[in-house]
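In my numbering, the protein residues as written are 7 to 367.
Beta carbons are placed, not taken as given, at the ideal position from N, Cα and C, and that holds for glycine.
None of these values were measured; they are calculated from a predicted model.
To keep things clear, I will list the structure first and then write my remarks on it.
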Amino acid sequence: MEDKKIRIAITHGDTNGIGYEIIFKTFADPAILELCTPIIYGSPKVAAYHRKSLNMQANFSIISKAEDARDDRVNILTCFDEEVKVELGVATKASAAAAQKALLRAVQDYQQGLFDALVTTPAILEVVSGEETVRESQQRCIERALGHDGKSLTIHINGGLRIASVTGEKPLGDALREIRKDLIVEKATVFHNSLRRDFRLSNPRIALLQVNPQSGAEEEEILKPAVTELHNAGIGVFGPYPADDYFSHYEHTHFDGTLAMYHGQAITPLRMLAEEGRIELTTGLPIVHTAPGMGPSYEIAGQGVADESQLRNAIYLAIDTCRYRAEYDEPTTNPLKKLYHEKRDDSEKVRFSIPKKNEAD
7 MEDKKIRIAI
17 THGDTNGIGY
27 EIIFKTFADP
37 AILELCTPII
47 YGSPKVAAYH
57 RKSLNMQANF
67 SIISKAEDAR
77 DDRVNILTCF
87 DEEVKVELGV
97 ATKASAAAAQ
107 KALLRAVQDY
117 QQGLFDALVT
127 TPAILEVVSG
137 EETVRESQQR
147 CIERALGHDG
157 KSLTIHINGG
167 LRIASVTGEK
177 PLGDALREIR
187 KDLIVEKATV
197 FHNSLRRDFR
207 LSNPRIALLQ
217 VNPQSGAEEE
227 EILKPAVTEL
237 HNAGIGVFGP
247 YPADDYFSHY
257 EHTHFDGTLA
267 MYHGQAITPL
277 RMLAEEGRIE
287 LTTGLPIVHT
297 APGMGPSYEI
307 AGQGVADESQ
317 LRNAIYLAID
327 TCRYRAEYDE
337 PTTNPLKKLY
347 HEKRDDSEKV
357 RFSIPKKNEA
367 D
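Written out as structure tokens, the structure reads:
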């Protein structure tokens, strides 16, 4: 892993949002090409439209398959041939569909081992559920495409602050109904394993937040038994703590990770405490997936004012995670063979055996 450039797949996101702008700005600095080989999953035609509308100098090579990606250049892989109408700043079904096509093509290529990590730029996907069309996060789409439905955990990161939620991005009412001891144990275990493998923390400490401001039935009947079970499994989870006191008293600085119960409980303090934008790591899946913690930002699309720092940091996180996982997994990938053979104890057989004639003399 150290001797080769990591191949990073980057999806173009919602084609009416800021995806191409932050991609172009990120790779305007050629130094990042020394760290990775980018493969942009999208549309060269849409990319050219954005480049012209933004009046930016952005060079890229067009490829039709990931195997053709070359080092030291920005490679744009054509994910679809049909025309896509670009309406900057407007959320449309066509722009969401273009984002989904790029994402699904990237996941398909990952399953064939054609790149090392996936970084997604902002998009909100739409899927048909029964008779309704509902919104879906890109993390959820990746889960389904890989056949790991419900197994992932999104860690929101800003510097040393790492926060995840047990129930993910669900409406509050649905989230509260899903809180169970086994789910808390499952997500805390995923979080613990990620802190060890993806962040190289040998003995991570995780704080668990309460459901309610004051301790109630959930804390006594669900959270505390979950903490006990995790402790018995050798996982350092502490709490539960009331969220308001936990953050206002800066107790989070004493932990490597914080596990909230629901999405709002995780994101609200992060937005208040994080001076710069956050990035996200999806863990619990075989794929390394990171993303800038932002939406398509339709209100500034096409204006040339989008800040690319979150995408750049998401790419750095993807590179680091690939390297850390390779280092963590290496000892168990090629274990040393035994250098000796265990001696078989045949003492009882020797004791009761009849000696040969020449041995009796």
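query	result
Take residue 24 and list the residues in its own chain whose beta-carbon comes closer than 6 Å to its own, dropping the five residues that flank it on each side.	303, 307 and 312
Tell me, please, whether the region 28-35 touches the region 50-68 by the rule of three or more beta-carbon pairs shorter than 8 Å.	yes
Would you mind reading off the limits of the alpha helix (DSSP H) that contains residue 53?	50-60
Find the nearest neighbour of residue 85 within the set 104, 176 and 263, judged by alpha-carbon distance.	104
Please name the residue or residues paired with residue 45 in a DSSP beta bridge.	15 and 81
Helix, strand or coil for residue 337, going by three-state DSSP, please let me know.	helix
In this structure, does DSSP put residue 116 in helix, strand or coil?	helix
Would you mind giving the Cβ-Cβ distance between residue 92 and residue 52, rounded to the nearest angstrom? I have them listed as a contact below 8 Å.	6 Å
Going by the DSSP bridge assignment, what does residue 247 pair with across the sheet?	215
Taking Cβ to Cβ, would you say residue 144 is nearer than 9 Å to residue 297?	yes
Helix, strand or coil, according to DSSP, for residue 108 in the structure here?	helix
For the region 16-23 and the region 106-123, state whether three or more C-beta atom pairs, one from each stretch, are separated by less than 8 Å.	yes
Out of 335, 322, 278 and 50, which one is the CA nearest neighbour of residue 167?	278
Taking 7 Å as the limit between beta carbons, can you name the residues of its chain near residue 367, skipping five residues before and five after?	Here the model assigns residue 367 a pLDDT of 45, short of 50, so the residue's position is not dependable, and the following value carries that caveat. Around residue 367: no qualifying Cβ.
Going by C-alpha distance, which of 241, 185 and 98 is nearest residue 211?	241
How about residue 287 and residue 190: do their beta carbons lie closer than 9 Å?	no
Could you tell me the distance, in whole angstroms, from the CA atom of residue 228 to the CA atom of residue 155?	24 Å
Could you check whether residue 45 and residue 69 sit closer than 9 Å to each other, using their CB atoms as the reference points?	yes
Comparing C-alpha positions only, which one of 282, 11, 173 and 114 sits nearest to residue 151?	114
For the beta strand (DSSP E) that contains residue 125, what are its first and last residues?	123-126
Less than 9 Å between the C-beta atoms of residue 181 and residue 265, yes or no?	no
Name the one or two DSSP bridge partners that residue 69 has.	83
Assign residue 282 to buried or exposed, taking buried as 16 or more other Cβ atoms, counted over all protein chains shown, within 10 Å of its Cβ.	exposed
Comparing alpha-carbon positions, which option in 121, 237 and 268 lies nearest residue 209?	237
Do the CB positions of residue 174 and residue 215 come within less than 9 Å of each other?	no
Please look up how many angstroms separate the CB atoms of residue 171 and residue 272, rounded, as I've assumed it's under 8 Å.	4 Å
On the criterion of 16 or more Cβ atoms from any shown chain inside 10 Å, does residue 234 qualify as buried, or is it exposed?	exposed
Go ahead and pull the three-state DSSP assignment for residue 319.	helix
Drop a sphere of 10 angstroms on the beta-carbon of residue 365, count the other beta-carbons inside from all chains shown, and report buried for 16 or more, exposed for fewer.	Residue confidence is low: residue 365 scores 46 on pLDDT, short of 50, so the model does not pin down where it sits. Its coordinate-derived value is still stated next. The residue in question, residue 365, is exposed, as its Cβ has fewer than 16 Cβ neighbours within 10 Å.
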